Amino acid sequence: MTKSPTTLRQQLMWVSYIVGVLLVIEAVNMLTGRFFNQYSIYPRELEYVGFIFTAPFLHANFSHFFSNAVTLSIFSVLLLQFGGKRFIEVTLWLMVATGLLVWVFGRPSFHLGASGIIYGYFGYLLLAGFLSKRIFLMTISVVVVFFYGGMVWGVLPSHPYISWESHLFGFLAGLVLAYLLRSKA
Numbered sequence: 576m577t578k579s580p581t582t583l584r585q586q587l588m589w590v591s592y593i594v595g596v597l598l599v600i601e602a603v604n605m606l607t608g609r610f611f612n613q614y615s616i617y618p619r620e621l622e623y624v625g626f627i628f629t630a631p632f633l634h635a636n637f638s639h640f641f642s643n644a645v646t647l648s649i650f651s652v653l654l655l656q657f658g659g660k661r662f663i664e665v666t667l668w669l670m671v672a673t674g675l676l677v678w679v680f681g682r683p684s685f686h687l688g689a690s691g692i693i694y695g696y697f698g699y700l701l702l703a704g705f706l707s708k709r710i711f712l713m714t715i716s717v718v719v720v721f722f723y724g725g726m727v728w729g730v731l732p733s734h735p736y737i738s739w740e741s742h743l744f745g746f747l748a749g750l751v752l753a754y755l756l757r758s759k760a
């Protein structure tokens, strides 16, 4: 996986590897009674700040994993249209920015799951295509608005067990990254 994926087949392989790793982590976590979930983000507790790098790989249950895996797969393929390097760059920045913002501003509760990254991809994909002024990438933004525009409601508090903070900060971080990286698109 050192070479940037240029064909759809290569991109699907990258996404398969990512989801495969998440599935293995989910299976081991499930078999160990959710042992790994202790490596989630807990806001403003210093010993949990480093878990901004592990929390996106952990899920509360299989249903949580599955719903994230589907959307993560779709958005990953769309983001890979901007290039493999851009995909990695955006993913790492989203992990750090979303994780730190949740750690600083989140409710005093454990926050885990890939949805912060997913919402970051959502924000990035909404804006980056339009800012690129390239027809193909603008089409991706339009498709994301059309099929996934309703996701924007997920940034609001709706359920006590859903980290809407991850959704909100991921979405905002994605928009900011799209703007900051616009000249490179």
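Numbering (the working numbering), first residue to last: 576 to 760.
Virtual Cβ for every residue (Gly too), placed ideally from N, Cα, C.
Treat the numbers as computed from the prediction; the structure is a model and nothing was measured.
- Per DSSP, reduced to three states, the secondary structure at H742 is helical.
- Under DSSP, H686 forms a beta bridge with I616.
- In this structure, the alpha-carbon of V590 lies about 19 Å from that of F628.
- Note on N643: 16 or more other CB atoms within 10 angstroms of its CB, so buried under the neighbour-count rule.
- Looking from the CA of L755, the closest CA among S615, T673, Y699, M588 belongs to Y699.
- Cβ-Cβ separation between P618 and P683: approximately 6 Å, consistent with a contact (criterion under 8 Å).
- Counting along the chain, the unbroken alpha helix (DSSP H) around I649 starts and ends at 637-655.
- Contact annotation: S615 and F685 have beta-carbon atoms nearer than 7 Å.
- DSSP, reduced to helix, strand and coil, places G749 within a helical segment of the structure shown.
- Judged by beta-carbon spacing, G704 lies beyond the 7 Å limit of G745, meaning their Cβ atoms are not closer than that value.
- Nearest neighbour of M605 by Cα position, chosen from S648, L633, T582, turns out to be L633.
- Inclusion of L655 and I715 in the CB contact set at 7 Å is not warranted, their separation being larger than that value.
- Burial state of A602 is exposed, judged by a 10 Å Cβ sphere holding fewer than 16 other Cβ atoms.
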